[in-house]
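Heads up: the structure comes next, in structure tokens.
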Amino acid sequence: MPIESAPSAGAIRVELAQDEILTGEAVALDVQPIGFFLRALGVLIDMAVGAGLFFLFALVATWLGSQGVVDVSVFPILSVVMLVLVTVVIPTTVETASRGRSLGKLAVGGRVVRADGGASGFRQAFIRALVGVFELWFTLGAVAAIVGAFTPRAQRLGDLLAGTYSERTRAGRLPAPAPGPPAALSAWAGVADVARLPDRLARRVAQFVRQAEGMQPAARARVAASLASEVRPFVSPVPPVDPELLLRGVAAVRHDRELQALSLEERRIEALVAGAPDSPRGYPTR
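The opening position of the sequence shown corresponds to residue 6 in this note's numbering, with each subsequent residue numbered one higher.
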């Protein structure tokens, strides 16, 4: 269901989809959480690394015991210490230092972020690791798999308690630059309110704009008129121009705005990677 910003005096009403966050500039970014199976693969990689570290610690402790360096009677204590290191201390340290990127997350192209899109910190990493002792290690991931299968962002129990989820960091490639709106619609493009078109309609409009020059005049006019009638409900105000010019103007406006949104998302991901201070979700005040 759409999420709406809290109304205030003179505020602009902004609707957010489930996988969008609102930046301080009042721009909704379409963030993509990691899917269930990729998330599970990342967890399995992290658990395999943890098991390997525990096995390595056990080999070192056994060797030290055989050399008489460590008393065999302290092995139970060492085992508990190693379990705490592998399951809590190391995951917390890695996620805090890397700002949400463990080895498994790197492999699947993800990052743990807060629910508002900001970078996770020590508190979130510690809660996730602590809860992970039960839902990942004690139950071999069964609890995490069940909870993740029924949450919209494939969140496990630790994510729900910490207020985090795994975001996809491998953003799509930015589209190639496109020509701006027709000269006759340059003033209109600056004030036009063009809503997001349905995916199928947007593809048909883009295809028509690319292929219009090679179409027969009669078919070109007929297709333009048909598409324009479908596009007009998403445009305000509707400029008094012919259907093909309207389609070219709408395609240019939507391209520019989607390009800006993708650029903002790419810069936010780069800021997280660089460890720049994150900003909480902002709401427009004017």
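C-beta: ideal position from N, C-alpha, C; glycine also.
Whole angstroms is fine: what's the gap from L69's alpha carbon to D51's?
Translated into the one-based positions of the sequence shown, residue 69 becomes position 64. Translated into the one-based positions of the sequence shown, residue 51 becomes position 46. Distance between the alpha carbons of L69 and D51: 27 Å.
Within its chain, find whatever has a CB closer than 8 Å to the CB of E235; leave out the 5 residues flanking it on each side and keep chain order.
Counting from one through the sequence shown, the residue named residue 235 turns up at place 230. Answer for E235: L206, listed in chain order.
List the DSSP bridge partners of E3.
Residue coverage of the chain in this structure runs from 6 to 291, which leaves residue 3 outside it and unanswerable.
Cβ-based neighbour list, V77, same chain, cut-off 7 Å, excluding 5 preceding and 5 following
Position 72 of the sequence shown, counted from the first residue, corresponds to residue 77. These residues qualify, in order along the chain: G70.
One or two residues paired with V199 in a DSSP bridge
Position 194 of the sequence shown, counted from the start, is the residue given in the question as residue 199. Partner(s): V240.
Coarse secondary structure for A159, derived from DSSP in three states:
Here residue 159 refers to the residue found at position 154 of the sequence shown. Coil at A159, not helix or strand.
Through-space distance from P38 to T67, alpha-carbon basis
For the purposes of this step, residue 67 is taken as residue 62 along the sequence shown, with counting starting at 1. For the purposes of this step, residue 38 is taken as residue 33 along the sequence shown, with counting starting at 1. Each residue's alpha carbon lies about 42 Å from the other.
Name the residue from D164, A230, V199 and S231 whose alpha carbon lies nearest to the alpha carbon of R259.
Taking the sequence shown and counting its residues from 1, the one referred to as residue 259 is at position 254. Ranking the options by Cα distance to R259, first place goes to V199.
With a threshold of 8 Å, are at least 3 pairs of Cβ atoms found where one atom belongs to the region 142-154 and the other to the region 123-134?
no
Kindly give me the distance between the Cβ atoms of L190 and V246, rounded to whole angstroms, as I take these residues to be in contact under 8 Å.
Sequence index remark: in the sequence shown, residue 190 carries index 185 (1-based). Sequence index remark: in the sequence shown, residue 246 carries index 241 (1-based). Sure, about 7 Å apart at Cβ, within 8 Å.
Exposed or buried, E30, counting other C-beta atoms within 10 Å across all chains shown (16 or more means buried)?
Taking the first residue of the sequence shown as 1, we reach residue 30 at position 25. Unreliable placement is indicated for E30, whose pLDDT of 38 sits below 50; the coordinate value is still reported in the next sentence. Classification for E30: exposed.
Considering only the alpha carbon of each residue, which of A63, R104 and L108 lies closest to G88?
To locate residue 88, count along the sequence shown from 1; it is residue 83. The sequence given here places Leu at residue 88; Gly does not occur at that position. Cα-wise, what sits closest to L88 is A63.
Expected contact under 8 Å - CB spacing of T174 and R116 to nearest Å:
As a first step, residue 174 is located in the sequence shown; it is residue number 169 there, counting from the start. As a first step, residue 116 is located in the sequence shown; it is residue number 111 there, counting from the start. Contact flag correct, Cβ pair sits at about 5 Å.
Distance, Cα to Cα, D204 vs V99?
As a first step, residue 204 is located in the sequence shown; it is residue number 199 there, counting from the start. As a first step, residue 99 is located in the sequence shown; it is residue number 94 there, counting from the start. If you take the alpha carbons of D204 and V99, they lie about 40 Å apart.
Which residues share a DSSP beta bridge with A45?
The residue labelled residue 45 in the question sits at position 40 within the sequence shown. DSSP lists no partner for A45.
Per-residue burial, A124 [other beta carbons within 10 Å of its own, 16 or more giving buried]
Translated into positions along the sequence shown, residue 124 becomes position 119. Per the 10 Å Cβ criterion, buried.
Residues near R106 by beta carbon distance below 7 Å, same chain, minus five either side:
Position 101 of the sequence shown holds residue 106. Hits under 7 Å: R116.
Check whether the Cβ atoms of A197 and V48 sit closer than 8 Å, and answer yes or no.
Numbered from 1 along the sequence shown, position 192 holds the residue referred to as residue 197. Numbered from 1 along the sequence shown, position 43 holds the residue referred to as residue 48. Cβ atoms of A197 and V48: not closer than 8 Å.
Just checking my contact of V255 with V210 at CB under 8 Å: how many whole Å lie between their CB atoms?
Along the sequence shown, read from residue 1 onward, the residue named residue 255 stands at position 250. Along the sequence shown, read from residue 1 onward, the residue named residue 210 stands at position 205. About 7 Å separates the two Cβ atoms, so the contact holds.
Determine the closest residue to L250 out of L46, W193, F139 and L108, with distance taken between C-alpha atoms.
Residue numbering aside, residue 250 sits at position 245 when the sequence shown is read from its first letter. For the residues L46, W193, F139 and L108, the minimum Cα distance to L250 belongs to W193.
Using 8 Å for Cβ pairs, my map puts T101 next to G126. What's the rounded Cβ distance?
In the sequence shown, the residue the question calls residue 101 occupies position 96. In the sequence shown, the residue the question calls residue 126 occupies position 121. Between G126 and T101 the Cβ distance is about 7 Å, and since that is below 8 Å, they are a contact.
Considering only the alpha carbon of each residue, which of G219, R208, R227 and V54 lies closest to K110?
Locating residue 110 in the sequence shown gives position 105, counting from the first residue. Selected option, being the one with the closest Cα: V54.
Rounded to whole angstroms, what is the Cα-Cα separation between E218 and G114?
Here residue 218 is taken as the residue at index 213 of the sequence shown, counted from 1. Here residue 114 is taken as the residue at index 109 of the sequence shown, counted from 1. Rounded to the nearest angstrom, the two C-alpha atoms are 41 Å apart.
Could you give the first and the last residue of the continuous alpha helix (DSSP H) run that contains F131?
Reading the sequence shown from its first residue, position 126 is the one you call residue 131. F131 -> alpha helix (DSSP H) spans F127 to G137.
To the nearest angstrom, how far is it from the Cα of R208 to the Cα of A226?
Taking the sequence shown and counting its residues from 1, the one referred to as residue 208 is at position 203. Taking the sequence shown and counting its residues from 1, the one referred to as residue 226 is at position 221. If I take the Cα positions, the gap works out to 18 Å.
Ordered along the chain, which non-local residues of its own chain (more than five positions away) have a Cβ less than 6 Å from that of V243?
As a working mapping, residue 243 is identified with position 238 in the sequence shown. Only R237 meet the Cβ criterion.
Give a yes or no on whether the C-beta atoms belonging to Q216 and A167 are separated by under 8 Å.
One-based indexing of the sequence shown puts residue 216 at position 211. One-based indexing of the sequence shown puts residue 167 at position 162. No; because the gap between Cβ atoms is not below 8 Å, this pair is not in contact.
Assuming F41 contacts A159 (C-beta within less than 8 Å), just tell me the rounded distance between them.
Within the sequence shown, numbered from 1, the residue matching residue 41 stands at position 36. Within the sequence shown, numbered from 1, the residue matching residue 159 stands at position 154. That belief holds up - the Cβ atoms of F41 and A159 are roughly 4 Å apart, short of 8 Å.
Candidates Q212, A229, T92 and V75: which alpha carbon is nearest L58's?
The sequence position of residue 58 within the sequence shown is 53, counting from 1. With distances taken between Cα atoms, L58 lies closest to T92.
Using CA atoms only, rank isn't needed, just tell me which of F143, L252, P222 and L43 is closest to Q212.
Position 207 of the sequence shown holds residue 212. Considering only alpha carbons, the answer is L252.
How would you label E140, buried or exposed, when you count the other beta carbons within 10 angstroms and need 16 or more for buried?
Position 135 of the sequence shown, counted from the first residue, corresponds to residue 140. Result: buried.
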